[in-house]
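So the structure is just underneath, and the comments pick up after that.
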Amino acid sequence: MQPPDLNKPNSGSSQNPPPVPPPYGGPPQPPYGGQQQPPSYGGPVIPGAEKKLPAALCGILLGCFGVHKFILGYNTEGIIMLAGSLATCGFGAPIMGLIGLVEGIMYLTKSDQQFVQEYITNKKGWF
1 MQPPDLNKPN
11 SGSSQNPPPV
21 PPPYGGPPQP
31 PYGGQQQPPS
41 YGGPVIPGAE
51 KKLPAALCGI
61 LLGCFGVHKF
71 ILGYNTEGII
81 MLAGSLATCG
91 FGAPIMGLIG
101 LVEGIMYLTK
111 SDQQFVQEYI
121 TNKKGWF
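In this note's numbering, the protein residues as written are 1 to 127.
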């Protein structure tokens, strides 16, 4: 089978031809050398914002262990929360869990820009 002649005008068809798959098996390319734009789902991607949801969920669910602190790169604060839960034989866990819950909710209520500015750029460790 011969590849379609891309220089030939569309003969009588009002529809565009189907995308032509590249020879290496990647995603199909638009016909006639057009550029395909990736879909936009609400604006530009902010570096560091991908940590917001995992940190918030871990803060809410595993806050007493400080997992959300480790996700954000706050190792000292994470060790303090983990030690506060384990060194007290679990008696400090409700307090650390409450701190994690509050911080997780705070992460979720901030916009991506605010989250990155406060917790990634400025390294705000507590609340």
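The beta-carbon is built from N, C-alpha and C at its ideal position, and this holds for glycine as well.
Measure the C-alpha to C-alpha separation of Ser85 and Gly92 and round it to an integer number of angstroms.
As a working note, residue 85 is residue 85 in the sequence shown. As a working note, residue 92 is residue 92 in the sequence shown. Cα to Cα, Ser85 sits roughly 5 Å from Gly92.
Is the CB-CB distance between Ala49 and Phe115 below 8 Å?
Here the question's residue 49 lines up with position 49 in the sequence shown. Here the question's residue 115 lines up with position 115 in the sequence shown. In contact: Ala49 and Phe115 (Cβ atoms closer than 8 Å).
Within the same chain, show all residues whose beta-carbon is closer than 7 Å to that of Leu72, passing over the 5 residues directly before and after it, in chain order.
To locate residue 72, count along the sequence shown from 1; it is residue 72. These residues qualify, in order along the chain: Lys51, Ala55 and Tyr119.
Report yes if the CB atom of Leu53 is closer than 8 Å to the CB atom of Gly66, and no otherwise.
Locating residue 53 in the sequence shown gives position 53, where the first residue counts as 1. Locating residue 66 in the sequence shown gives position 66, where the first residue counts as 1. Against a cut-off of 8 Å, the Cβ pair of Gly66 and Leu53 comes out as no contact.
Could you tell me which of Lys110, Thr121, Ile80 and Gly59 sits nearest to Val102, measuring between CA atoms?
Numbered from 1 along the sequence shown, position 102 holds the residue referred to as residue 102. Checked all of Lys110, Thr121, Ile80 and Gly59; the closest Cα to Val102 is Gly59.
With DSSP collapsed to three states, give me the class of Ile95.
As a working mapping, residue 95 is identified with position 95 in the sequence shown. Note: Ile95 maps to helix in three-state DSSP.
Should Cys64 go down as buried or exposed, given a rule of 16 or more other Cβ atoms within 10 Å for buried?
As a position in the sequence shown, residue 64 is number 64, starting the count at 1. Under this definition Cys64 is a buried residue.
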